[in-house]
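Please read the structure below before turning to the comments.
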Amino acid sequence: MASPDQLGYTPEKRAAVAKGVEQAKRYNVYGDFPPLPDLIAHKYTPTSILVTGAAGFIASHVSIRLARLIPSIELLGLTRCPTALMSVTSWSR
6 MASPDQLGYT PEKRAAVAKG VEQAKRYNVY GDFPPLPDLI AHKYTPTSIL VTGAAGFIAS
66 HVSIRLARLI PSIELLGLTR CPTALMSVTS WSR
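Numbering (our numbering), first residue to last: 6 to 98.
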């Protein structure tokens, strides 16, 4: 076994790390990802959406738009109010 360098890494350890870095550079997340046949067959249909910061300007407008675009979905608005620790509001049609 070779002696460690100033940082305490052996040449074998440095070679293993360099090999891992090269493999990470060549990794293709879309081509190398393992197939998941059990998940592909199922169709996921969301029944509710959680909107955080619902009292804010952007989130409140997003919530209104979602309620109009997808009337069958339940929106759950979560926000932090200065007068209460947490506030939860649920909209459903």
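Built from N, CA and C at the ideal position, the CB exists for glycine as well.
- Task: May I have a chain-ordered list of the alpha helix (DSSP H) segments no shorter than 4 residues that lie completely inside the region 58 to 93?
- Result: 62 to 74
- Just the C-alpha distance for residue 81 and residue 62, rounded to the nearest angstrom, thanks. For the purposes of this step, residue 81 is taken as the residue at position 76 of the sequence shown. For the purposes of this step, residue 62 is taken as the residue at position 57 of the sequence shown. Spanning the two alpha carbons is a distance of roughly 16 Å.
- Residues near residue 67 by beta carbon distance below 7 Å, same chain, minus five either side: For the purposes of this step, residue 67 is taken as the residue at position 62 of the sequence shown. The residues are 56.
- Item | Element boundaries [alpha helix (DSSP H), containing residue 25] | As a working mapping, residue 25 is identified with position 20 in the sequence shown. First-last of the alpha helix (DSSP H) with residue 25: 16 to 31.
- Message: Nearer than 7 Å: is that true of the beta carbon of residue 15 relative to any heavy atom of the ligand ATP?
- Response: Within the structure as shown, the ligand ATP is missing, as the structure has no ligands at all.
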